[in-house]
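Q:
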Amino acid sequence: MSTPEFSGTHRRQFMATAAQSLLGVSFASYARSRAFADVAAAPQPVAIGKAKHIIYLFMNGAMTHIDTFDPKPDVPEGGETKGIQTRVPGISFGEKLPKLSYLAGALAVVRSLSTETGDHNQAQYLMRTAYKQLNSIRHPAMGAWMVNQKDRLNRDLPGNFLIGENNRHPGAGFLHASLSPVPISDPDVGLENTSLPKYLDEKLFNRRLVLAGQFDRRFQGKHPNPEVEAYNHLYGEAKRLMGSDKLEVFDLSKESEEVRESYGQNPLGQGCLLARRLVEQGIRYVEINHGGWDMHQELYERLDEKATMLDTALSSLLRDLNTKGLLSETLVVLATEFGRSPELNVNGGRDHHPGAFSGVLAGAGIRGGQVYGSSDDRGFSVESDQVSIEDFNSTIAAAAGLDIESEFIAPNGRPFKVGGGGTPVKELLT
Amino acid sequence: MNSRLSLAIVALLCCCSPLLAQKTGKKPAIAKRTAPAKPPVSRLPASVREQTPVDMRVAPVIASRRDEAAASAAEIDRLVDVKLAAVGQRPNPLAGDELFLRRVYLQVAGRIPTLPEAHAFLESMSANRRQELIDELLSSPDYVSNMYNMWAETLRLVQSPQPNIVADPYLAYVKESIRDNKQYDQWVYEMLTADGKTWENPAAGYQLRDEGMPLPYVDNTVRVFLGTQIGCAQCHDHPFDHWTQHQFYELAAFTAGTRTRSSGGDMMAAKGKPRGNKSQSLIKEAQAKYPNGRVPGPLQRVARANAYNVAEVKAALRLPHDYAYDDAKPKTVVEPAVLWGEVPKTASGKSGREQFAAWLTSAENPRFSQTIVNRLWRRFMGAGLIDPIDDIRDDSVCVNEPLQKHLCAELIRLDFNLKELTRTILYSKSFQREATDYQVTSGEPYYFPGPVVHRMTAEQVWDSILTLAVHNAWPFQRPTAKDIAPTIELDLASATLETLEAVTQKYSSTYFQAAYRRSLAPHAYQGNVLCRASELPSPMPAGHFLRQFGQGDRETIDGGDSTATVPQILAMLNGPITHVMLETGSAIYDNVTAAESSRDAIDSIFISLLTRKPTSEDRKLAASEISRASRPGEGYGNMIWALLNTKEFLFVQ
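Heads up: the protein sequence lines correspond to chains A and B, in order. For the first sequence, my numbering gives the first residue as 12, with consecutive numbering after it. For the second sequence, my numbering gives the first residue as 2, with consecutive numbering after it.
(1) Counting only beta-carbon separations shorter than 8 angstroms, does PRO568 (chain B) have a partner in chain A?
(2) Name, in chain order, the residues that DSSP records as bridge partners for PRO194 (chain A).
(3) Establish whether the CB of HIS580 (chain B) and some CB of chain A are separated by less than 8 angstroms.
(4) Using the Cα positions of LEU644 (chain B) and GLU411 (chain B), report the straight-line distance between them to the nearest angstrom.
(5) Please tell me whether GLY128 (chain A) has its Cβ less than 8 angstroms away from any Cβ of chain B.
(6) Which class does VAL454 (chain B) belong to by DSSP, given the choice of helix, strand or coil?
(7) Please identify the residue among B:ALA70, B:ARG58, B:GLU76 and B:PRO61 whose C-alpha is closest to the C-alpha of HIS407 (chain B).
(8) Compute the Euclidean distance between the alpha carbons of TYR144 (chain B) and ASP136 (chain B), then round it to the nearest angstrom.
(9) As an exercise, report each continuous alpha helix (DSSP H) stretch of at least 4 residues that is fully enclosed by the region 503 to 541 of chain B, in chain order.
(10) Would you kindly work out how many angstroms separate the C-alpha atoms of LYS161 (chain A) and VAL290 (chain A), rounded to a whole number?
(11) Per DSSP, HIS301 (chain A) is paired with what?
(12) Check GLU177 (chain B) in the structure and name its three-state DSSP category.
(13) Quick check on DSSP: helix, strand or coil for THR443 (chain A)?
(14) Determine which residues of the region 148 to 164 of chain A have a Cβ less than 8 angstroms from any Cβ of chain B, and write them out in chain order.
(15) Determine the chain B residues that contact VAL308 (chain A) at a beta-carbon separation under 9 angstroms, and present them in chain order.
(16) Would you kindly check if the distance between the Cβ of GLN281 (chain A) and the Cβ of LEU263 (chain A) is under 8 angstroms?
(17) For the alpha helix (DSSP H) that LEU314 (chain A) lies in, which residues bound it at each end?
(18) Assess contact between the region 347 to 357 of chain A and the region 388 to 401 of chain A, defined as three or more Cβ pairs (one per stretch) separated by less than 8 angstroms. Is contact present?
(19) Measuring alpha carbon to alpha carbon, tell me which of A:PRO365, A:ILE65, A:ARG251 and A:PHE368 ends up nearest ALA152 (chain A).
(20) Would DSSP call THR261 (chain B) helix, strand or coil?
(21) With distance defined between alpha-carbon atoms, name the residue in B:ASP392, B:THR585 and B:GLU490 nearest to LYS507 (chain B).
(22) Quick one: what does DSSP say TYR207 (chain B) is sitting in, helix, strand or coil?
(23) Taking just the CA atoms, how far does LYS428 (chain A) sit from ALA421 (chain A)?
(24) Measuring only between beta-carbons, confirm whether PRO142 (chain B) sits less than 8 angstroms from chain A.
(25) How far does the beta strand (DSSP E) with ARG112 (chain B) in it reach, from first residue to last?
(26) State the CB to CB distance for the pair GLU298 (chain A) and PRO192 (chain A), rounded to an integer number of angstroms; the pair is presumed to be in contact (CB under 8 angstroms).
(27) Based on the DSSP output, what are the partners of GLN187 (chain B) in its beta bridges?
(28) May I ask which residues mark the beginning and end of the beta strand (DSSP E) holding GLN381 (chain A)?
(29) Expressed to the nearest angstrom, what Euclidean distance is found between the alpha-carbon atoms of ARG66 (chain B) and GLN301 (chain B)?
(30) Comparing C-alpha positions only, which one of A:PRO365, A:PRO278, A:GLY201 and A:ASN177 sits nearest to GLY232 (chain B)?
(31) Looking at the C-beta of ASP227 (chain A), does it have a partner C-beta in chain B at a distance below 8 angstroms?
(32) Count the other CB atoms, across all protein chains shown, that sit within 10 Å of the CB of ASP56 (chain B); report buried if there are 16 or more and exposed otherwise.
(33) If we call anything under 8 angstroms between Cβ atoms a contact, is LYS430 (chain B) one with LEU95 (chain B)?
(34) Mark VAL581 (chain B) as exposed unless 16 or more other C-beta atoms lie within 10 angstroms of its C-beta, in which case mark it buried.
(35) Can you pull the DSSP bridge partners for VAL311 (chain B)?
(36) State whether the region 166 to 177 of chain A contacts the region 298 to 307 of chain A, with contact taken as three or more CB pairs (one from each stretch) at a distance under 8 angstroms.
This is the structure we're talking about:
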């Protein structure tokens, strides 16, 4: 077996030493660029709660764990994916992730996630909010909590962004509308319609806005309604944005062609680049929601492109953040809603599999160079150190220094906690 | 008409209206030299400028049933009022004609009324004018468009559920089923049992939506039509409901014989032998012929699309190899069994799919009726009697059980005629009362003192803006099976590369991506094709106005959303879609220029945008705005823009 399996404390001790040795001889001799070496050196101990920003890559549709971060090359269920040895002794990834393998010293891979449902929508909601989807309440996603508890660093720009598809995202949940992510459907396009039409000057624009408010007074007086209130608030936000010189952040053409290319010329790559630019401007939370992982058919015809996109985008993001000195204050998360079935179906695809799957953490507050938990030899069930969705969320929250202990009372009268009352995984945190 | 004023307005909208400002601004001298009466040139596409009747014959309401519907509506009101009284609440007062008019247009026609439509209703002296309007709207193409939009979200209607499936005929079929007011039970039965290619039998597109995913197909079908979620039981016993994994497999066993791809020859004949794949071999042949093996996209599409051919064979379903419960061994064959009740006797001896469909759509199957009744009630009243409508459990709370019973009984009495059931709901005072600000997330039950205030759906926003902007919001309709079949049909069994190439030529010049997009371009304004949402491609790209306003990606059931976002507001403030109506030749432009006095113009603007006359306060504001503007037309432009950016415009009350 190419991936030695360890369990319990043995494995954890091994990983800890592996991570340390990695910083010395074994990695340095392979490092070709300064950025590389720095990323690998990133898992220096930092205080819990170090992360000022979070970049959250969501692999929508359910990323196959067996073909990415939890390869099983020695059993038929492993399919066509072979493992490749990463720079961390004893850890291998799927062969389609060579660049991330090189950066394994910075990554904490969790192989023991499991969730409660095989329904995309419900599982995504659970992953993003740490709560089950109910009709009587909408829970906030982590980005809303970040801005709610830590406030904005940049007064001109909203604190929470969502790049890519925004279908049914829980957003700010029951928290204030100002905390909901600003959706950017296409990173290449950025935020559209931010300037006035040519015929309209600012004075006239303002007069029109005042007029709209005056005409709307009767309706608004009659309808005290949080949905209406959300619009009122965001009109203010939109207006502030229109006048801002910070809008340049959305202009990816300010980056060199080389940098843009290094992230990959695709929505995930450019989304990661935009995320880095936003974080540079002090944005608290950026989610990049990237679909196309629901591979029920001909998985191996589609995997290459997807995995390469991910490998390039995430590795470039980590290096770039590190070069700019941002990795020590930015937590990077790779998440998905569940795994894919070990058994390949008749159409050469893998179906939904909530029983075991993988996620990745890196950057601020995270102890890299390790695999935490394991699935069984077929990738079917969690074998050791199970990490629940609540635990995973609590770990993220803890790395960002959010209050995961206090109980909040939601509008429907139920108590709840950031991270869903899970337990942060100490081994993953620095 | 006051000619001085009319000229002033033209000048205003023309010179000061956004998009013409530069043009006229640049060449004022020329403008002066030419005859002043010459109408300004419109930049709107020609196809949307002229009022044109929609070519669609819609099944009308049954005229003779009006009294029946009214009586049944009275029973709805009685049951609502009994419940309200029991919980110590009072019904809201009846909404005035203006409120009713706007609501009924938005909820039934999917858009706000035009100025003439508003005048016609508000000036009607008929005692039955509300019922008359309801009947008229239910019998109109607008109703078809509106209900199509609802089903498009529920059924996740997309043109290509897999890259080479051509599902356009199925999308048109859904629209046609609504147009013909097909009996609901028959419509669903048809979709669940259809065989063939989509352009031969477009109902087969329902099956192809979940092509290659037989178990999610069962899950989705049960959720959409029976309001029940058994998906969890696909992998293990349901954690919150009582469904077992074994039950899931028993139900799925009915549809285990469904096949969605044909090999190109006789499917039964290929039994026991490796199936030749004709479309694959044609593509291989083409690879050898074309330089560097580059087979043109349309050729691959035609070859593969013709292989998607729904059929049913005899087949058994086995439990998964990891089945972990004691009641059966892994990999044993499961006998089909329904979740509750029994397969109707009339279906005995029929195929598995037919038995499943007969059970699901039976009048004896309570959740089939319950689910559609709730779906319609929620669509028109803003919340379900059971909410969520598609996760009904034995212990689900229905806020008004007798009312639900009444509606279900009516549905069956009406032979699943959804239009007549809708008519009953719309006739009720309950629908016609003033609306309440209620949040489902408040956790409080809602007993329907009136409908719920809600933001327009994405399609309602889009179609309403089109109503203001263009005289013809329907320059084309989505392609149907009849349109597409002759461009793509290929008999795989007898096909040769030559016949494939001949068909490809037809397809690539008509409905293949780029060609079809090109055919829509003449209807575009600044890159936005101006046509009703129901006719536009599906899904729309993520950055489109409709998606910004929450139209679903059509991947999740009922994935549409109506929460506020910054890009929506930026689109309303600065985007081309809101400025299209300030163009010369837009519907609102023409309404304002036709007004005989400034008072009339102000009225027209208010009625066009908000479906109501201005209040005296509004009039004062408007008059002052017009006097402040450097030219009166600028004032009108400002008013239009301002009203469009009110929340009163965006919310349905």
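In this text, a Cβ means the ideal position worked out from N, Cα and C, and glycines have one as well.
A: Well, looking at it:
(1) Translated into the one-based positions of the second sequence, residue 568 (chain B) becomes position 567. It does; some Cβ of chain A falls within 8 angstroms.
(2) By one-based count along the first sequence, residue 194 (chain A) stands at place 183. Looking at the DSSP assignment, PRO194 (chain A) forms a beta bridge with A:LEU173.
(3) Numbered from its first residue, the second sequence carries residue 580 (chain B) at position 579. It does: the Cβ of HIS580 (chain B) has a partner Cβ on chain A nearer than 8 angstroms.
(4) As a first step, residue 644 (chain B) must be located in the second sequence, where it is residue number 643. As a first step, residue 411 (chain B) must be located in the second sequence, where it is residue number 410. Roughly 41 angstroms separates the two Cα atoms.
(5) In the first sequence, counting from the first residue as 1, residue 128 (chain A) sits at position 117. Per the sequence shown, the amino acid found at residue 128 (chain A) is Thr instead of Gly. Judged by the 8 angstroms Cβ criterion, THR128 (chain A) is in contact with chain B.
(6) Within the second sequence, residue 454 (chain B) is the residue found at index 453, counting from 1. In this structure, DSSP gives VAL454 (chain B) a state outside helix and strand, which the three-state scheme calls coil.
(7) Reading the second sequence from its first residue, position 406 is the one you call residue 407 (chain B). The shortest C-alpha separation from HIS407 (chain B) is found at B:GLU76.
(8) Along the second sequence, one-based indexing puts residue 144 (chain B) at 143. Along the second sequence, one-based indexing puts residue 136 (chain B) at 135. Cα-Cα distance, rounded: 11 angstroms.
(9) List check, alpha helix (DSSP H) in window: 514 to 521.
(10) By 1-based counting over the first sequence, the position of residue 161 (chain A) is 150. By 1-based counting over the first sequence, the position of residue 290 (chain A) is 279. Cα to Cα, LYS161 (chain A) sits roughly 14 angstroms from VAL290 (chain A).
(11) The count along the first sequence starts at 1 and reaches residue 301 (chain A) at position 290. When DSSP reads this structure, HIS301 (chain A) sits in a beta bridge with A:MET70.
(12) The residue given as residue 177 (chain B) occupies position 176 in the second sequence. The answer is helix: DSSP assigns GLU177 (chain B) an H, G or I state.
(13) Residue 443 (chain A) lies beyond the residue range present for chain A, which begins at 12 and ends at 441; the question has no answer from this structure.
(14) Answer in chain order: ILE148 and ARG149.
(15) Here residue 308 (chain A) refers to the residue found at position 297 when the first sequence is read from its first residue. Going by the sequence as given, residue 308 (chain A) is Gln instead of Val. Within chain B, the residues placing a beta-carbon under 9 angstroms from that of GLN308 (chain A) are GLN163, GLU212, GLY213 and MET214, ordered along the chain.
(16) Here residue 263 (chain A) corresponds to residue number 252 of the first sequence, with the count starting at 1. Here residue 281 (chain A) corresponds to residue number 270 of the first sequence, with the count starting at 1. Taking 8 angstroms as the Cβ cut-off, LEU263 (chain A) and GLN281 (chain A) qualify as a contacting pair.
(17) Your numbering for residue 314 (chain A) matches position 303 in the first sequence. Segment 310 to 334, the alpha helix (DSSP H) holding LEU314 (chain A).
(18) Segments in contact, yes.
(19) Along the first sequence, one-based indexing puts residue 152 (chain A) at 141. Nearest C-alpha to ALA152 (chain A): A:ILE65.
(20) On the second sequence, position 260 is the one that residue 261 (chain B) refers to. Under the three-state reduction of DSSP output, THR261 (chain B) falls in the strand class.
(21) Walking along the second sequence from the start, residue 507 (chain B) turns up at place 506. Out of B:ASP392, B:THR585 and B:GLU490, the CA that lies nearest to the CA of LYS507 (chain B) is found in B:GLU490.
(22) The residue you call residue 207 (chain B) lines up with position 206 of the second sequence. If DSSP states are grouped into helix, strand and coil, TYR207 (chain B) belongs with the helices.
(23) Along the first sequence, read from residue 1 onward, the residue named residue 421 (chain A) stands at position 410. Along the first sequence, read from residue 1 onward, the residue named residue 428 (chain A) stands at position 417. For ALA421 (chain A) and LYS428 (chain A), the distance between alpha carbons rounds to 10 angstroms.
(24) Indexing the second sequence from 1 puts residue 142 (chain B) at position 141. For PRO142 (chain B), the answer is no, since every Cβ of chain A falls outside 8 angstroms of its Cβ.
(25) As a working note, residue 112 (chain B) is residue 111 in the second sequence. Neither: ARG112 (chain B) is in no beta strand (DSSP E) and is coded neither H nor E.
(26) Translated into the one-based positions of the first sequence, residue 298 (chain A) becomes position 287. Translated into the one-based positions of the first sequence, residue 192 (chain A) becomes position 181. The C-beta distance from GLU298 (chain A) to PRO192 (chain A) rounds to 7 angstroms, short enough to fall under 8 angstroms.
(27) Taking the first residue of the second sequence as position 1, residue 187 (chain B) is located at position 186. Checking the DSSP bridge columns, you'll see GLN187 (chain B) has no partner listed.
(28) Indexing the first sequence from 1 puts residue 381 (chain A) at position 370. Here the beta strand (DSSP E) through GLN381 (chain A) covers 381 to 383.
(29) What you label residue 66 (chain B) is simply residue 65 of the second sequence in a count that begins at 1. What you label residue 301 (chain B) is simply residue 300 of the second sequence in a count that begins at 1. Distance from the CA of ARG66 (chain B) to the CA of GLN301 (chain B), rounded to the nearest whole angstrom, comes to 52 angstroms.
(30) The residue labelled residue 232 (chain B) in the question sits at position 231 within the second sequence. With distances taken between Cα atoms, GLY232 (chain B) lies closest to A:PRO365.
(31) Along the first sequence, read from residue 1 onward, the residue named residue 227 (chain A) stands at position 216. Closer than 8 angstroms: yes.
(32) Residue numbering aside, residue 56 (chain B) sits at position 55 when the second sequence is read from its first letter. By the neighbour-count rule (16 or more Cβ atoms within 10 Å), ASP56 (chain B) is not buried but exposed.
(33) Taking the first residue of the second sequence as position 1, residue 430 (chain B) is located at position 429. Taking the first residue of the second sequence as position 1, residue 95 (chain B) is located at position 94. Cβ atoms of LYS430 (chain B) and LEU95 (chain B): closer than 8 angstroms.
(34) In the second sequence, counting from the first residue as 1, residue 581 (chain B) sits at position 580. So VAL581 (chain B) ends up on the buried side.
(35) Stepping through the second sequence from its first residue, residue 311 (chain B) is reached at position 310. B:GLY197, per the DSSP bridge assignment.
(36) Using a Cβ-Cβ distance cut-off of 8 angstroms, the region 166 to 177 of chain A and the region 298 to 307 of chain A are in contact, since at least three pairs of beta carbons, one from each stretch, lie closer than that value.
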